[in-house]
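Only one structure is covered here, and it is reproduced in the block below.
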Amino acid sequence: MWRKLQQRSFVPNGSISLSQIPNELAHDKAFTQGRDKQGRPIFVVFGRNHFQNKHGLDEFKRYVVYLLDKLCASMPPGQEKFLGIAELKGWGYSNSDVRGYISALSILQDYYPERLGKFFIVHAPYIFMKIWQIIYPFIDNKTKKKIVFVDNNK
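If you want it as structure tokens, here you go:
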């Protein structure tokens, strides 16, 4: 996996240091939060805190690799998967970053295959659903089955 990532310009050294992702870290857009009942590490993403990076897509890609590495490192022995939650309350047009979202999904699918256990999307506004229609065709079928939209009324 790292050999593949090293070939990418956004991970030239095979790992990501905090100094390589300062703009992404400044937005407090994601954090880890304990484990689910199956022992999978949980990460939460706040969509309202994500904005297209003025410094280019590579820093966002490095941020995604950093988060996924952090999740994988926190897995207990025998656990191979994690659970994600995207909280989209307050998400608006200024948060839409189709290229960024597709890049994050590509990194997840190509370099961390089968690590995603489930991914819950909560409080998805109407405009997000329109963006989702653009992103959806780029997601492989195995990953699609792991994504669940939580009804806002529940």
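Each residue of the sequence shown is one higher than the one before, counting from 714 in the working numbering. Heads up, the beta-carbon is just placed ideally off N, CA and C, and yes, glycines get one too. Source: prediction; values computed, not measured.
- In this structure, T745 is the residue among K855, K783, R775, T745 with its C-alpha nearest to the C-alpha of I798.
- Three or more Cβ pairs drawn from the segment 788–808 and the segment 828–836 lie within less than 8 Å of each other, which places the two stretches in contact.
- Its Cα nearest to that of A837, the residue F759 stands out among P754, F759, D741.
- When DSSP states are grouped into helix, strand and coil, R748 belongs to the strand group.
- In this structure, DSSP gives P850 a helical state, which the three-state scheme calls helix.
- In the three-state reduction of the DSSP assignment, F773 falls in the helix class.
- Across the structure, V778 and D771 are spaced so that their CA atoms are roughly 11 Å apart.
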